[in-house]
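In order, the protein sequences belong to chains A and B.
Residues in the first sequence are numbered from 1 upward in steps of one, following our numbering.
Residues in the second sequence are numbered from 1001 upward in steps of one, following our numbering.
Input: a single structure, listed below in structure tokens.
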Amino acid sequence: MSEKLFVKGNEAVAMAAIEAGCRYYFGYPITPQSDIPEYLSRELPPLGGEFIQAESEIGAINMLLGASATGVRAMTSSSGPGISLKQEGISYMAGSELPGVIVDIMRAGPGLGGIDASQADYFQATRGGGHGGYRIIVLAPASVQEMYDLTMRAFDLSDIYRIPAMVLADSVIGQMKESLTAHPRPKATLPAKEWAVRGRESGEPQNIVKSLYLGDGEMEAFHWKMHARYQELAEKECRWEEIETTDAALVVTAFGSTARIARTAVAMAREAGMKVGLLRPITLFPFPRQAYETISGYCKRFLTIELSTGQMVEDVRLSVARDAEVAFYGRPPGAGSLPTPEELFEQIKKQY
Amino acid sequence: MKQVFTRPESLKDVQTHFCPGCHHGSVHRLVAEAMDEFGIRDKTIGVASVGCSVFLYGYFDIDVIEAPHGRAPAVATGAKRARNDRIVFTYQGDGDLAAIGTSEIIHAANRGEDITVIFVNNTTYGMTGGQMAPTTMVGQKTSTSPYGRNQAKDGYPIRMAELLAQLEGVAFSARVAVNSPRNVMQAKKMIKTAFRYQVEGRGFSFIEALAACPTNWGMNPLAANERVGSEMIPYFPLGVYRNTANL
Ligand SMILES: Cc1ncc(C[n+]2csc(CCOP(=O)(O)OP(=O)(O)O)c2C)c(N)n1
Ligand code: SF4
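Written out as structure tokens, the structure reads:
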């Protein structure tokens, strides 16, 4: 199977989930992600899978928790207001070391906000939006192809590290149609799910999936264990894309949909003879700090672009060398449109 | 000498953390006996809720998932859908099921999830220190209803067994108590029926067990046991409220 298709980003997510072996989906409608539950409600039952339209996002994330605890691959998806409701369950999944994939097709907030594209759930996604001090894996696709590839990757990473994984995109990527090469699931060595709760047939020891730690020092040990796992993730799993950074005097940095527009603006700058490059984080947690460290060793000017008043820019500032300057250009949702390449080119000229 | 009473196989040989006179332990035992009698221990997944019964896995010798407060029916839904050859039950208190988790219980019941729910109604939030629950009796003093539950302000105690019995997805709904030998025998029968319905794949089964919380009621175990009969049963009558076998 390596067909060329023309599909929506949201559909690519759903297709990838199926290809990744996910047969259980639990969700609740919200724009702009409803194509995902719609697709899976149609495609999962014939495959022997289960689609449940939950009573709420709280219900959905806890169904994911329950399914995942039995060792199967399962997924939920939503947008900002629903992701807020899922945070309780995400914290419990993190506390129970459960894998599971959560898709956030970001829309404008806070509150009911609007359905424009937004990147303002960055903190909520990358800081562990629920209680208790944890992180989840966050992947940020910038194309329909990446919606497919990274969704599959999210399932693998989540299983390997026993950490919930989020695919963080916005309504532009979710709703846009592009060509997609739907390739088979890449082979990965995955650990056996010995911890899964399946009933004790065949004399297996009792398995308990829990997040309650009351014994002396147990909770502290849990936190240090997870901390080490997050560090391992940072060492092994950071991903990013660099375009023309090796000789750059200014590096533009952005993720997801804004990175696409920035790419055109960077090409315009190169055309005009300016040494401008692009650094696009693909993993937002772990954040590719090493890429910023390396580049800021020789390039001292950065321009961060986001569809918000600035969130990822904080990670950029924490990652670059001390003497590097980080400028910011933000377009919070509600401006009525996305920034144009010309608009970003103007910003590049200002910072160059 | 003939041994007439033993620990059910599904229960571990451990000391209990429940307070003296607490009925959680009795309900645990009946659930374990039901599992033993159906021989389903090795294919059962328990879903623990938040409350005094959170340590379910410490007593039951089965696989257990611990759910967030109130969400056990959703967690059980996910587990059962993923492993539909397993027996899945939740064990929840009244704060858990009838307050924070109302949405999850009603919708799991309404979907007719093939799970069994054991609901322990002790008219209070036990674990957090005896605050007012949705099942607290009118006039009952608790740490957050120091003047007694006032129906004008606080509403009325919810009768969950009757409420859920209205839903088409429910195969079995009954209320039991464990305050007397007779009621214990009856409770055992009902709990067995609830599990049998799941074994037979008939849909959602629900048992509400009236229970004493001597600690938070500020009563000795005997007085607390008395109260179940004198105050709770008149308002929360025992019986079967829905049984699809009779429809
Ligand atoms: C979201 C959330 N809110 C509140 C709590 C605190 N809490 C723990 S147990 C409990 C009450 C449990 O009462 P009940 O369900 O009646 O069970 P019991 O202890 O009486 O058996 C509460 C409110 C919590 N753990 N999580
Ligand atoms: S506080 Fe109440 S419900 Fe909890 S163990 Fe003690 S008696 Fe039982």
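For every residue, glycine included, the Cβ atom is placed at its ideal position computed from N, Cα and C.
Between S1053 of chain B and H1024 of chain B, the CB-CB gap stays under 8 Å. Burial state of Y1147 of chain B is exposed, judged by a 10 Å Cβ sphere holding fewer than 16 other Cβ atoms. Scanning B:M1137, B:G1112, B:E1033 and B:P1214 for the CA closest to the CA of E1168 of chain B turns up B:G1112. Restricting attention to B:F1038, B:Q1186, B:M1219 and B:A1079, the CA atom closest to the CA of I1115 of chain B is found in B:A1079. In this structure, DSSP gives R1196 of chain B a helical state, which the three-state scheme calls helix. Within the chosen limit of 7 Å, ligand 1 reaches the beta carbon of G1093 of chain B through at least one heavy atom. When the five nearest sequence neighbours on each side are left out, the beta carbons in the same chain lying within less than 6 Å of the beta carbon of S1173 of chain B are those of A1161, L1164, A1165, F1206, Y1241 and R1242, in order along the chain. Taking 7 Å as the cut-off, one finds no heavy atom of ligand 2 near enough to the beta carbon of P1134 of chain B.
The beta-carbon of D1094 of chain B is placed no less than 8 Å from the nearest beta-carbon of chain A. For E325 of chain A, the enclosing beta strand (DSSP E) has its first and last residue at E325 to G330. DSSP places Q206 of chain A outside both helix and strand once states are collapsed to three, so it counts as coil.
At least one heavy atom of ligand 2 lies closer than 7 Å to the C-beta of G1126 of chain B. In the assembly as shown, D1042 of chain B is a buried residue. Its beta-carbon has 16 or more other beta-carbons within 10 Å. Sequence-ordered contacts of the region 156-170 of chain A with chain B are nonexistent [C-beta pairs closer than 7 Å]. Fully enclosed beta strand (DSSP E) runs of no fewer than 3 residues occupy 1170-1177 of the region 1122-1198 of chain B, in order along the chain. Contact with chain A is found for G1078 of chain B, since one of that chain's Cβ atoms lies less than 8 Å from the residue's Cβ. Selection A:G129, A:M93, A:E346 and A:A60 evaluated against V209 of chain A yields A:M93 as nearest (Cα-Cα).
Within 10 angstroms of the beta-carbon of K225 of chain A lie fewer than 16 other beta-carbons, which makes it exposed. With its beta carbon at least 8 Å from every one in chain B, Y28 of chain A lies outside the interface.
In this model, G129 of chain A and V1176 of chain B are separated by some 41 Å (Cα to Cα). Residue environment: Q33 of chain A is assigned as buried (16 or more neighbouring CB atoms within 10 Å of its CB, all protein chains considered). For G49 of chain A, no alpha helix (DSSP H) run applies, since DSSP gives it neither H nor E. Between H1107 of chain B and chain A, the shortest Cβ-Cβ separation is below 8 Å. Look at E241 of chain A here: in three-state DSSP terms it is strand. Interface flag for L64 of chain A against chain B is set, since a Cβ pair is found closer than 8 Å.
With contacts defined as CB atoms closer than 8 Å, I102 of chain A and I115 of chain A fail to qualify as a contacting pair. By DSSP's assignment, R107 of chain A forms a beta bridge with A:A117. Here G1112 of chain B carries a coil assignment [DSSP, helix/strand/coil].
Put simply, of A:T31, A:L338 and A:R162 the residue whose alpha carbon is nearest the alpha carbon of S79 of chain A is A:T31. In the structure shown, the three-state DSSP call for N1243 of chain B is strand. Of B:N1150, B:T1077, B:P1068 and B:I1062, the smallest CA-CA separation from A67 of chain A is found for B:T1077. Contact with chain B is found for G89 of chain A, since one of that chain's Cβ atoms lies less than 8 Å from the residue's Cβ.
For L303 of chain A, the closest C-alpha among the options A:K350, A:G297 and A:A267 is that of A:K350. Of A:E57, A:V316, A:V72 and A:E43, the smallest CA-CA separation from P191 of chain A is found for A:V72.
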